[in-house]
Amino acid sequence: MPSLFSSVQGQNGHGRFQPNGNQTNGAPSNHLLQVRQVVKTYHSSAGDFTALKGIDLTVDRGEFVAIIGKSGCGKSTLINMITGIDRPTSGEVWVNGTAVHTLSEGAIAQWRGRELGVIFQFFQLLPTLTVMQNVMLPMDFCHTYPIPQRRERAMHLLEQVGLADVAHKLPSSVSGGQQQLAAIARALANDPPILAADEPTGNLDSATAEIIFQLFNQLVDQGKTILMVTHDPDKARRVTRVVTIVDGEILKTQPEFTREIVR
Amino acid sequence: MREKAIYASRSTHHAKNMIIRPRWKKVFADLWGNKSRTLLVVLSIAIGVFAVGMVANAYLILAEASTVGYETVNPTSAFILTSPFGDDLVDTIRDMPEVADAEGRRVRSVRMFLHGRWYNTALSAQNYDDGRVNLLQSTGGKAAPGDHELLIDQTAVALTDFAIGDTAIVEMSDGRHYEMTIVGKVRDQNSNPSINTGGINAYTTLDTFEWLGETADYNRLLYVAAENKHDRAYIQALTGDIKDKIEKSGYMVYFTLVFPEPGVSPTKFIIQSIRSVLGILAAVSLALSAFLVFNTMSALILRQVQYIGIMKAIGGLTRNLVGMYLLMVAAFGLLAYAVAAPLAAVAAQQFAEFIASPGLLDLRLPVYRLRPEIMTLELAVSLLVPVLAALPAIWRGTRVTVFAALNSTGLSQENLSNSLLEQVIERLRFVTGPWLLSLGNILRNRGRAALTLGTLVLGGAVFIGVLSVGASADETVAELGQAYRFDVQVEFERPYRLTQIEEYALHVPGVARVEGWTVVNGAILNAAGEEGNSMTILAPPGGSELTHPKIVAGRWLKPDDQNAVVIDSSLLREDPSLQVGDEIMVKINGRDYPWTIVGVYQSIGVTVWYESYANYAYVSRLAREVQQTRRVQLVTNAHDPASQLEIAARVNDYFQQVGIRVSSVETSSDMRGVQEDQFNIIVSVLLVMALLITLVGGLGLAGTMSMNVLERTREIGVMRAVGASDGSVLRVILVEGVLMALISWSMAIFLAVPAGKLLSSVVGNHIVNGQLSYVYSVPGALLWLALVLVVAVMASYVPARNASRLTVRDVLAYE
């Protein structure tokens, strides 16, 4: 079955990200994602605070992983380590063979644009661009797809998420759910193998959240790997694996069964 | 494959829409989406571009008018006053290979009654059919006068609103009156304009001179060198040769004059002073503009940090973002260029027309044209200044990490350390809530506050400085006016016995006292014994109380001084090596006399007639005019201008009645008025400067206040959530603006001292050949306080009102 969201399954036409060749050497395993002994400590005038205390986590291709935990437990910090949005104080983060923790800020941006789609709780669309232009922007930044094809691809992605009708509207003119769908289309723009979503349904009503969740399921079926931070136990029960974090440590990793049950 | 095909088939259809990539669309959407911010940034840049464009444009227009325009009248290189001569001598000089052209003129001092007043007038005649040197340019009416007709130098509009068709009465020195009709106006770029002399230049025919009882001969020879037209030494040598030739032809040479800068318009020094003053204006405006742009761009980038984070999160590289924001800045610059360049061109033309108007410099402006060099300069300023000013903010903003960007709360990023803020707040316990909050807001964002204060302080300092120059000019004019402690000055065509003149003058009702002076003309000799600059020696009696010129070096004359001379400060401009104590040789009536320079007095403007002072007893002896006078100063019973004029007329009439030949009568009020007029041009320029500075300062404060409020929208929401009323929110923001204005004012009043002294020095060097007597303008400081407070309230009111109208829900959803 051809993918709804990619031209070539799991690829964006540019292969594995190799900013300088070194980062792919010495990958510790064949896992798509591996987090090894990651510690993250924040320093402030009130004192040091360790958000992650030596996290180890592996994720394989095609998994739909939910990271759950209470507010302030470190789940968003963990996803920030994986997406390269924040850097570990110590430890390693390997994504699809790339040592993310070693990349410079510029290299991370380029890597993330091609290899990893990020979805935020508050959508984070650029307010001055239309929905379509927001989706085209990652292709523009990463020079993926020939310029004449970018518009077509953006429209295609928006059609798939049901937003073709609002493609030329500004984000402020569409609903929150539609903004999040547009953000997902944007995350898929460069056809990355992994999507990382931080509370993607946290700001949506339950009906819209359900639509988003089903969309994620379709993406996983097509071979995408999704990491999703959530504090919604219902959603967490419907993924392939649940990682529970308590006070900066992984408490337990549930096996891949819940999603099968749901289906 | 299927999808690729779909993309390919659709791509042609949408090809037109693909021209602008999303990142550039974001740039333009940001520009268009926030119009008030765009307007603010564009205006900030435009002010600098406008100032530079206007100054450069105006200077080029005026410089071209005074150089290219001046050359078209074939200006004389020098002139020689002689005994009467005819066309044969003119032909002889014209035939000299070193002479490009020559022309004879007859020039005579007369008095002219026009529109109810008498004016000292230089009446000249020339061959209008064959004009070759110092050409007159007709600006209205007839180009050449007929018999008993006059052309008037149009700079006379500075004195009287004359019109073609008016009748003027010309009074010769023997008292005879002649009615003549004004038939045309002319521009004479080589005459001393009325604004400088208080007199009129008029032109008629040689035949009319005969009708006036004179001979139809020339008495002044003008000539243009065939080469080295701007080389003073060459012209001086040539003048020596011509003088020899004239004398060998049997004529007397009374006086030679080589211009300090031959072939250069006498207006050059004024244009240079305008350029200096306006140059300072342009530099200050540009600096203020850069401050504003830096401030605005810092705020803009701060507001964009979250979006920078998003763009980085989806693959945007720092260089992509730097490129985007630089493009935005360049777009701001281009918009500013589009606004400022045409306005600068119009303003420059208007300004040049004002300066070139007959009442001021009377220049013929070149035909309006676009000047590519100015357009390029403006474009460079439009692009470079904002890019350089914005670069630090862009560099800092785009290097922020995604994590930091996405976790930004939208609050100010530049905070005082908590301990310092706590200390300040602790010490201000007596200050109530809103004031404390306003002060805290200023202290919290020190960088922004410093730049805004910098803009306002610089603006205030220059504003007060400009008004201080005006006050200093007034003070200087008052001091220079001490040279005229008499009421009426009468000059005679030839020397008369002093006792006789005293007797006649005291016979006139209203005259209380008479003091006889004498006047001799000479030429300063250089080391080789050649004649150089001319020097007119005014000789009041020793210990005279009727004149006290402002001494800038050395001392004033003592009653027992012999060959001591107090020289004109403009002579130092010509020969800076002259010093107090130096001995100079001056040729007077064919003999060389040594003089010791004992002092330098301050004069006004640039002149070729250097006037020096020496004691009457000594001068009258060497001029062989002991107990005789060529000029008397009268003290009248009443000293107001009207009384002075009335008594001057009576004195003139009486002298003529008793057969004394008067060449000019002036009142001290008119002489002081002429000095004040010298400052008119520069004061006009300074006023333009003050106006622009106010505009820039106001815009700066308005912009900063708007941005501050915009940035603190969330805080305002919090204030409202904890019970702040509309009035409280309004008050906090207004108080912040007022505090900023007060702080800036208290700094500006001190910085205004060096600013005012610098400007005074620039103006002084050009106008009074030295320093102005500096006076700090207290009214200027108070006026700036009022202006800055009004601007602060106005600039804060709109954002404050908008902020006070926001609901808590609106505000907290803002970010």
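Heads up: the sequence lines are chains A and B, in that order. Each residue of the first sequence is one higher than the one before, starting from 48 at the first, in the numbering used here. Each residue of the second sequence is one higher than the one before, starting from 5 at the first, in the numbering used here. Beta carbons: idealized from backbone N, C-alpha and C, even for Gly.
- Query: Is Gly101/A helix, strand or coil when you go by DSSP?
  - Reply: Residue state, collapsed to three classes: strand.
- Item | Distance between Lys562/B and Val518/B (C-alpha atoms, nearest Å) | Using only the alpha carbons, I get a separation of about 20 Å.
- Using a C-beta to C-beta distance shorter than 7 Å, which residues of chain A count as neighbours of Asn324/B? For Asn324/B, the neighbours in chain A by C-beta distance under 7 Å run, in chain order, Phe188.
- Message: Residues in the same chain with beta-carbon distance under 8 Å from Gln631/B, minus the five sequence neighbours each way, listed in chain order, please.
- Response: Answer for Gln631/B: Arg501, Leu502, Thr503 and Ser624, listed in chain order.
- Query: If we count the other Cβ atoms within 10 Å of its Cβ and call it buried at 16 or more, is Ala642/B buried or exposed?
  - Reply: The residue is exposed, with fewer than 16 neighbouring Cβ atoms inside 10 Å.
- Message: With a threshold of 9 Å between beta-carbons, can Val25/B be considered close to chain A, or not?
- Response: Correcting the residue type first, residue 25/B is Arg in the shown sequence and not Val. Yes - at least one Cβ of chain A is within 9 Å of the one on Arg25/B.
- Task: Return the residues of the region 155-169 of chain A that lie within a Cβ-Cβ distance of less than 7 Å from chain B, sorted by chain order.
- Result: So the list reads Ala156, Gln157, Arg159, Gly160, Arg161 and Val165, given in the order they occur along the chain.
- Is there a Cβ from chain B that is less than 9 Å from the Cβ of Asn264/A? No, because no Cβ of chain B sits closer than 9 Å to the Cβ of Asn264/A.
- Task: Could you name the residues of the same chain whose beta carbon sits closer than 8 Å to that of Gln661/B, not counting the 5 residues immediately before and after it, in chain order?
- Result: Excluding its 5 nearest sequence neighbours in each direction, Gln661/B has C-beta neighbours in its own chain below 8 Å: Gly179, listed in chain order.
- Task: Please classify Thr136/A: does DSSP put it in a helix, a strand, or coil?
- Result: Coil at Thr136/A, not helix or strand.
- Item | One or two residues paired with Ala172/B in a DSSP bridge | Met184/B, per the DSSP bridge assignment.
- Please confirm whether Leu703/B and Leu44/B have their CB atoms less than 9 Å apart. For Leu703/B and Leu44/B, yes; Cβs fall inside 9 Å.
- Task: Use the C-beta contact count for Ala234/A: other C-beta atoms within 10 angstroms, 16 or more gives buried, fewer gives exposed.
- Result: By the neighbour-count definition (other C-beta atoms within 10 Å, threshold 16), Ala234/A is a buried residue.
- Task: Using a Cβ-Cβ cut-off of less than 7 Å, list which residues of the region 130-146 of chain A approach chain B; keep chain order.
- Result: Cβ contacts with chain B come from Ile132 and Asp133.
- Could you tell me whether the Cβ atoms of Leu225/B and Ile84/B are closer together than 9 Å? Yes, Cβ-Cβ distance for Leu225/B and Ile84/B is below 9 Å.
- Task: Please report the residue range of the alpha helix (DSSP H) in which Tyr63/B lies.
- Result: DSSP places Tyr63/B inside the alpha helix (DSSP H), whose first and last residues are Lys39 to Glu75.
- Message: Between which residues of its own chain and Glu483/B is the CB-CB distance below 7 Å, once the five residues before and five after are set aside?
- Response: Only residues of its own chain outside the window of five on either side were considered, and among them Lys554 and Ser777 have a CB closer than 7 Å to the CB of Glu483/B, listed in chain order.
- Task: Report yes if the C-beta of Val106/A is less than 8 Å from at least one heavy atom of the ligand ZN; otherwise report no.
- Result: No copy of the ligand ZN appears in this structure; indeed no ligand is present at all.
- Between the CA atoms of Asn525/B and Tyr258/B - distance to the nearest angstrom: Cα to Cα, the separation comes out at about 9 Å.
- Task: Would you kindly work out how many angstroms separate the C-alpha atoms of Phe754/B and Ala465/B, rounded to a whole number?
- Result: Computed Cα separation, rounded: 8 Å.
- Check the Cβ-Cβ distances between Asp366/B and every residue of chain A, and say whether any is below 9 Å. False, the Cβ-Cβ gap to chain A never drops below 9 Å.
- Task: Please name the residues in the region 103-132 of chain A whose beta-carbon is closer than 8 Å to at least one beta-carbon of chain B, in chain order.
- Result: So the list reads Asn127, Thr130, Gly131 and Ile132, given in the order they occur along the chain.
- In chain A, which residues lie less than 8 Å from Phe336/B when you measure between Cβ atoms? None at all; the shortest Cβ gap to chain A is about 16 Å.
- Got a sec, what are the start and stop residues for the alpha helix (DSSP H) His203/A sits in? First-last of the alpha helix (DSSP H) with His203/A: Ile194 to Gln207.
- Taking the runs of the beta strand (DSSP E) that are 3 residues or longer, which of them lie wholly in the region 445-532 of chain B? Counting whole runs of 3 or more residues, the region 445-532 of chain B contains the beta strand (DSSP E) stretches 492-501 and 515-529.
- State the Cα-Cα distance for the pair Thr821/B and Ala55/B, rounded to the nearest angstrom. Past the edges of chain B, shown from 5 to 819, lies residue 821/B, and the structure says nothing about it.
- Can you tell me the Cβ-Cβ gap for Leu367/B and Thr271/B, rounded? I've got them flagged as a contact below 8 Å. Contact between Leu367/B and Thr271/B holds: CB atoms are separated by about 6 Å, below the 8 Å threshold.
- Task: Express the C-alpha separation of Leu365/B and Glu506/B in angstroms, rounding to a whole number.
- Result: The alpha-carbon separation between Glu506/B and Leu365/B amounts to approximately 40 Å.
- What do you get for Ser253/B, buried or exposed, if any count of 16 or more other CB atoms within 10 angstroms of its CB means buried? It is exposed - the Cβ of Ser253/B has fewer than 16 other Cβ atoms within 10 Å.
- Given a threshold of 16 other Cβ atoms within 10 Å of its Cβ, counted over all protein chains shown, does Glu382/B qualify as buried or as exposed? With 16 or more other CB atoms across the displayed protein chains lying within 10 angstroms of its CB, Glu382/B is buried.
- Message: I want to know whether the region 756-765 of chain B touches the region 542-552 of chain B - three or more CB-CB distances under 8 Å.
- Response: With the cut-off at 8 Å, the region 756-765 of chain B and the region 542-552 of chain B do not touch.
- Query: Looking only at DSSP bridge pairs, what is Met275/A linked to?
  - Reply: Paired residues: Ala113/A and Ala244/A.
- Message: For the region 286-312 of chain B, list every residue whose C-beta sits within 7 Å of some C-beta in chain A, in sequence order.
- Response: Among the residues of the region 286-312 of chain B, those with a Cβ less than 7 Å away from any Cβ of chain A are Tyr311, in the order of the chain.
- The beta strand (DSSP E) enclosing Ile855/B, as first and last residue numbers: Residue 855/B lies beyond the residue range present for chain B, which begins at 5 and ends at 819; the question has no answer from this structure.
- List the whole-angstrom C-beta distance separating Phe117/B from Ala172/B, where the pair is believed to meet the contact cut-off of C-beta under 8 Å. Their Cβ separation, rounded to whole angstroms, is 7 Å, which keeps Phe117/B and Ala172/B in contact under 8 Å.
- Would you say Val350/B faces chain A, with C-beta separation under 9 Å as the test? Chain A has no Cβ within less than 9 Å of the Cβ of Val350/B.
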